[in-house]
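Reviewing the structure listed below.
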Amino acid sequence: MTRRLLPLLAAVSTIGAGAILLLIARRDMGLDAAAASRFGSVFIGILLEALPYLLLGVAISAVVQIYLSERLLRRLLPRHPLLAVTAAGLLGIVFPLCECGMIPAVRRLIRKGMPAYAGIAYILAGPVVNPVVFSSTWAAFGGTPQMAIARTGLAFAVAFAIGAILWKTLKSDPLKADLASLYASLPQEEPPARPFGGRLQSAALHATDEFFDMGKYLILGAALATLFQTAVSRSFLEELGGNQLLSHLFLMGVAFLLSLCSTSDAFVAASFGGSFENGALLAFLVFGPMIDLKSLLLLLASFRARTVLLVASLAAVFTLTGSWLLEAVYLP
Amino acid sequence: MAPTALAALHHAAKSAVLAALSLSLTQLARTGTLNRYIAPKLELGVKLSALALFALAVFRLWIALRAWQGDDAEADCGCGAHGPAAAGPRQLAVYAMFLLPIVFGLLPAVPLGSADAARAGIHLPGAAAEHPQRSDTAADAEAFPFDEFTRPYAELARRLHALPLIDVPEPLYIETLSSIDLYRKAFAGHRIRLTGFVHRDSGATDGVYLLSRFAVSCCPADARAYGLPVLDAQAKQRRTDEWLTVEGVLEEGVYDGQPALVLRAEQTRSAPPPASPYVYLDPDF
Chain A
1 MTRRLLPLLA
11 AVSTIGAGAI
21 LLLIARRDMG
31 LDAAAASRFG
41 SVFIGILLEA
51 LPYLLLGVAI
61 SAVVQIYLSE
71 RLLRRLLPRH
81 PLLAVTAAGL
91 LGIVFPLCEC
101 GMIPAVRRLI
111 RKGMPAYAGI
121 AYILAGPVVN
131 PVVFSSTWAA
141 FGGTPQMAIA
151 RTGLAFAVAF
161 AIGAILWKTL
171 KSDPLKADLA
181 SLYASLPQEE
191 PPARPFGGRL
201 QSAALHATDE
211 FFDMGKYLIL
221 GAALATLFQT
231 AVSRSFLEEL
241 GGNQLLSHLF
251 LMGVAFLLSL
261 CSTSDAFVAA
271 SFGGSFENGA
281 LLAFLVFGPM
291 IDLKSLLLLL
301 ASFRARTVLL
311 VASLAAVFTL
321 TGSWLLEAVY
331 LP
Chain B
1 MAPTALAALH
11 HAAKSAVLAA
21 LSLSLTQLAR
31 TGTLNRYIAP
41 KLELGVKLSA
51 LALFALAVFR
61 LWIALRAWQG
71 DDAEADCGCG
81 AHGPAAAGPR
91 QLAVYAMFLL
101 PIVFGLLPAV
111 PLGSADAARA
121 GIHLPGAAAE
131 HPQRSDTAAD
141 AEAFPFDEFT
151 RPYAELARRL
161 HALPLIDVPE
171 PLYIETLSSI
181 DLYRKAFAGH
191 RIRLTGFVHR
201 DSGATDGVYL
211 LSRFAVSCCP
221 ADARAYGLPV
231 LDAQAKQRRT
241 DEWLTVEGVL
251 EEGVYDGQPA
261 LVLRAEQTRS
271 APPPASPYVY
281 LDPDF
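First to last, the protein sequences are chains A and B. Per the UniProt record's numbering, the very first residue in the first sequence carries number 1; after that it's consecutive. Per the UniProt record's numbering, the very first residue in the second sequence carries number 1; after that it's consecutive.
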């Protein structure tokens, strides 16, 4: 009994000590309290922006888990893998979820038998290839409508290419091995029909567990992104990125660290406009929503590290090549 | 501890965390302080999330009570997706992590200010830079030439130009300053009244500071600072981050070595910090 209580006591005293430290810092170091409060504004801002999408994502995931049978899913998906990847890349037009909501929903769909390459193509393309993001990019780059078109096109192309490569190369289950996937791989008999109340209860259980599972990575990712945001000055970044050759790569790195939501990053990109060429801004706008600090942690929570690293490096290489090409032939 | 009691404890802890999150969101919405963290267009989503979290908290509490009585819902879910309740400090640390945002939310409100403007970089009202002015040949003769992207700015400029004093309104803050900047020549000599906080960057001198506001599109992570250079005889006495309402005349001048529209202050008075710390782009503009 006492041994079980030990961790609880440890946690309570840690929180208590933290609170006391905070109070001391607040009273004796006025400046630090303001800094902490500003950190809080950005940190909570990022979390609140993502929260509705995260809840929507876990709700969809729970509904998929309880109501979508594997047979129905197989019927809905296009049979040919390349068609499936295409459909997945365009799915965001119908289901515009942001990546915080997408990852739990897709993880569940893959467990239900959706091919992983199609699921990953949706995760990569969905945050960009959707009407909300298209219109915000259009608005932010009012003078150059090519940006919105190039952004959507390149994001789809990168997601399609990665989906196709994964279709050819992915041999084993890319999901992290846990109890759930272990069970899912067992031959399944049709579960006995359960009353509505039971199903609802089961859906709510799944939704809350997944909220905690995904939420902890979201909080960690948001904290790291905020740390970067509040500690590093943007003009410093712009000076660093002055080199033309490296500016694409550099802005991709910035997009990764800033972890902005894909609906608002176009405005930030437009504000970099004075210091960077359009091609580099395009790389920022395509790579950031696909892979950033926040979504990388969410991906690592669901997929094997090898798969995540493969997907992230492919996305980086394709975005870089694509944005260079488009800068040469299409962008003003 | 008996396994049923341990399971009940975990359900109860989850319920408590969900309830705490929901109640703190409700508190933010009730006191009208959500605008410290997100744009008004996102508030509905957050309020609905608070409701959903509360419903889940009640549900988990009910599951906890049932588990206490030896009837664990997870055990008979049958989907195999629930591991045995992970006990120990790791799981408790996860619960504590979810309370972290609440702790930060309890800190006194300090909206973004001058120090953040230095970090995020300040923008002089920049419609001209973001929307290169390409006037249609037909419109060239007009005082406010426009193309398809600057049309709303030209219309706003025409309305503003007819006013004896431009009192920059909060809902159209960025749009108003952008319009004026786009047609600098036409607005030189015009009277304007503007509220913002004092910010100083490399271009600030003894007689000049920037009167600034933060524009947010979703949350403070994407905040951009906008500022108009103010020529003020008493500039030295203005504290950085102080909120001021400045009335004066617009002039074509130079700021930080670049041609810029500047405001020559005539009347300056201190202003209370505005209720909404940030300004937002009007989605209908």
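Think of the CB as a built atom: it goes at the ideal place given N, C-alpha and C, for glycine as much as any other residue.
Taking 7 Å as the limit between beta carbons, can you name the residues of its chain near LEU260(A), skipping five residues before and five after? VAL268 and GLY288
Exposed or buried, which one is ASP292(A) when buried takes at least 16 other CB atoms within 10 Å? ASP292(A) is buried by the Cβ-count criterion.
Selected residue, minimal CA-CA separation from MET102(A), among TYR122(A), THR169(A), ARG79(A) and GLU210(A): TYR122(A)
Could you check how far apart the C-beta atoms of GLY92(B) and ILE180(B) are, in whole angstroms? I think they sit under 8 Å. Per the sequence shown, residue 92(B) should be read as Leu rather than Gly. In fact, because the Cβ distance is near 56 Å, the residues do not count as touching under 8 Å.
Within the continuous beta strand (DSSP E) that includes GLU327(A), where are the two ends? Segment 305-329 is the alpha helix (DSSP H) holding GLU327(A); no beta strand (DSSP E) there.
Find out if the Cβ-Cβ distance for the pair ILE38(B), LEU227(A) is shorter than 8 Å. no
Specify the secondary structure class of CYS79(B) as computed by DSSP and reduced to three states. At CYS79(B), the pLDDT of 49 sits below 50, so the modelled position is not reliable; the number obtained from the coordinates is stated separately. If DSSP states are grouped into helix, strand and coil, CYS79(B) belongs with coil.
Of the residues that make up the segment 60-93 of chain A, which ones have a beta carbon closer than 9 Å to any beta carbon in chain B? Contact annotation: in the segment 60-93 of chain A, residues whose CB is within less than 9 Å of a CB in chain B are GLN65 and ILE66.
What does TYR37(B) touch in chain A if you count any residue whose Cβ is under 8 Å from its own? SER41, ILE44, GLY45 and LEU48
Would you decide whether HIS80(A) is buried or exposed? Buried here means 16 or more other CB atoms lie within 10 Å of its CB. With fewer than 16 Cβ atoms within 10 Å of its Cβ, HIS80(A) is classed as exposed.
Measuring alpha carbon to alpha carbon, tell me which residue in GLN229(A), SER313(A), LEU249(A) and LEU76(A) is nearest ILE165(A). SER313(A)
Listed by chain order, chain A residues near ALA29(B) by CB distance under 7 Å: Within chain A, no residue comes near ALA29(B); the closest Cβ sits about 11 Å away, beyond 7 Å.
Does VAL46(B) have its Cβ less than 8 Å from a Cβ in chain A? yes
With a 10 Å radius around its C-beta and 16 neighbouring C-beta atoms as the bar for buried, classify PHE104(B) as buried or exposed. buried
SER52(A) versus SER135(A): straight-line alpha-carbon distance, rounded: Reading off the sequence, residue 52(A) comes out as Pro, not Ser. Using only the alpha carbons, I get a separation of about 20 Å.
Between the C-alpha atoms of LEU124(A) and ALA155(A), what's the straight-line distance to the nearest angstrom? 8 Å
So, helix, strand or coil for TYR67(A), using DSSP? helix
CB-CB length for ARG151(A) against THR169(A), believed under 8 Å: Not quite, the Cβ-Cβ distance comes to about 27 Å (not below 8 Å), so this is no contact.
For chain A, find out if any of its Cβ atoms is closer than 8 Å to the Cβ of PRO111(B); answer yes or no. yes
Need the endpoints of the alpha helix (DSSP H) that GLY203(B) sits in, please. Counted as a single uninterrupted DSSP element, the stretch harbouring GLY203(B) is not any alpha helix (DSSP H), since DSSP gives it neither H nor E.
In angstroms, rounded to a whole number, what distance separates the CA positions of ILE82(A) and LEU320(A)? Per the sequence presented here, residue 82(A) reads as Leu, with Ile not at that position. The alpha-carbon atoms of LEU82(A) and LEU320(A) are separated by roughly 23 Å.
Taking the alpha carbon of PHE318(A) as the reference point, which residue from LEU109(A), VAL254(A), MET290(A) and ALA139(A) has its own alpha carbon closest? MET290(A)
Show which residues of chain B have a CB atom less than 9 Å away from the CB atom of ILE219(A). MET97, PHE98, LEU100 and PRO101
Check the Cβ-Cβ distances between SER276(B) and every residue of chain A, and say whether any is below 8 Å. SER276(B) does not count as touching chain A.
Closer than 8 Å to chain B by CB, LYS216(A): yes
Bridge partner(s) assigned by DSSP for residue 292(B): Outside the displayed span of chain B (1 to 285) sits residue 292(B), for which this structure offers no information.
Partner residues on chain B for GLN229(A), Cβ-Cβ distance less than 9 Å: ARG119, ALA120, PRO220 and ALA221
Quick one, are the C-beta atoms of residue 378(A) and LYS112(A) less than 8 Å apart? Within the shown structure, residues of chain A are numbered from 1 to 332, placing residue 378(A) beyond reach of any answer.
Distance between SER37(A) and VAL110(B) (C-alpha atoms, nearest Å): Cα to Cα, VAL110(B) sits roughly 6 Å from SER37(A).
Based on Cα-Cα distance, which residue from LEU251(A), GLY126(A), ARG199(A) and SER264(A) lies nearest to ILE66(A)? ARG199(A)
DSSP three-state assignment for GLY227(B), whether helix, strand or coil: strand
Taking only beta-carbon positions, decide if LEU51(A) is within less than 8 Å of chain B. By the rule that beta-carbons nearer than 8 Å mark a contact, LEU51(A) touches chain B.
Answer with yes or no whether the minimum CB distance from ALA148(A) to chain B is below 8 Å. Closer than 8 Å to the CB of ALA148(A) there is not a single CB belonging to chain B.
Could you check whether the Cβ of ALA16(B) sits closer than 8 Å to any Cβ belonging to chain A? Contacts with chain A at 8 Å (Cβ-Cβ) do not include ALA16(B).
Looking at LEU156(B) and THR176(B), is the spacing between their C-beta atoms short of 8 Å? yes
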